[in-house]
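Student:
In our numbering, the protein residues as written are 731 to 838.
#1: Let me make sure I understand the geometry here. Which of 792, 801, 782 and 797 has the alpha-carbon closest to that of residue 744?
#2: Determine the closest residue to residue 806 out of 768, 825, 778 and 796, with distance taken between C-alpha atoms.
#3: Among 750, 804 and 795, which has the Cα closest to the Cα of residue 770?
#4: Within the same chain, show all residues whose beta-carbon is closer than 7 Å to that of residue 801, passing over the 5 residues directly before and after it, in chain order.
#5: Could you pull out every residue in the same chain whose Cβ sits closer than 8 Å to the Cβ of residue 774, ignoring the five residues on either side in sequence?
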């Protein structure tokens with residue numbers, strides 16, 4: 731499957747999220763805690779599970795909301811660290827996010 735996030739802003743959530751959440755709960759999480767509106771069409775939000783083996787990606791287009799579920803068989807999703815007291819921002823291109831969802835680190 732070829733994913734095309736277009737010109738949307740991509741956010742990878744650093745804290746683990748309950749993978750039982752569906753689109754509505756993840757969207758609400760993004761709106762209430764991250765001040766990101768995935769239903770607005772301009773954002774993609776990537777959530778990773780506690781054990782870093784599963785991820786869910788939410789975004790919307792003109793037809794409705796998308797929820798992509800990805801489970802890795804062997805690898806784990808890369809772990810990114812950020813200092814809570816700083817305004818650390820990690821920038822990713824759409825290709826880097828696709829590589830991330832394939833279990834590769836940002837640098838490789």
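Every residue gets a Cβ at the ideal spot worked out from N, C-alpha and C, and that includes glycine.
Computed from a predicted model, the values in this text were never measured in an experiment.
Tutor: Working from what's here:
#1: 782
#2: 778
#3: With distances taken between Cα atoms, residue 770 lies closest to 795.
#4: 783 and 784
#5: Around residue 774, the same chain offers 735, 738, 739, 740, 741, 768, 787, 788, 789 and 827 as residues with beta carbons nearer than 8 Å, after the five sequence neighbours per side are excluded.
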